[in-house]
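Accompanying notes for the structure given below.
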Amino acid sequence: MADVDSIRAAFDKYDVNGDGRITATEYALVARELGDLTTSIAVAEAVIKTMDTNHDGELTFDEFLAARQG
Ligand SMILES: [Ca+2]
Ligand SMILES: [Ca+2]
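Heads up: the sequence shown begins at 15 in the working numbering, then just goes up one per residue.
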């Protein structure tokens with residue numbers, strides 16, 4: 015059983031503006047704040063693409079949760 019609360023907390027951390035979607039810009043910003051300075055916007059876009067099941071370029075919580083739960 016995955017811990018949905020901790021996944022929710024991680025999602026909220028990446029969703030900088032709190033609109034319920036993680037964009038590549040937000041992902042790159044947070045990853046760099048967490049110390050991963052290799053995460054460019056292009057890298058963030060690639061990461062998001064692997065989880066973006068409806069291909070709109072942004073991650074909703076459902077997409078993020080599905081990816082985390084494998
Ligand atoms: Ca957002
Ligand atoms: Ca999406």
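Each residue gets a CB set at the ideal place from its N, CA and C atoms; glycine is no exception. All values derive from a computational prediction rather than experimental measurement.
Legend entry - Residues that Arg35 bridges to, as DSSP identifies them: Residue pairing by DSSP places Arg35 opposite Thr74 in a beta bridge.
Inset, instruction - Have a look at Thr64 and Ala81 and give me their C-alpha separation to the nearest angstrom. - result: One alpha carbon belongs to Thr64, the other to Ala81, and they sit about 9 angstroms apart.
Legend entry - Any non-hydrogen atom of ligand 1 within 7 angstroms of Thr67 CB: Not under cutoff, so the answer is no.
Legend entry - Heavy atom of ligand 1 within 7 angstroms of Val30 beta-carbon: Yes, the Cβ of Val30 comes within 7 angstroms of a heavy atom of ligand 1.
Inset, instruction - Would you kindly work out how many angstroms separate the C-alpha atoms of Asp29 and His69, rounded to a whole number? - result: Looking at the two C-alpha atoms, the distance is approximately 18 angstroms.
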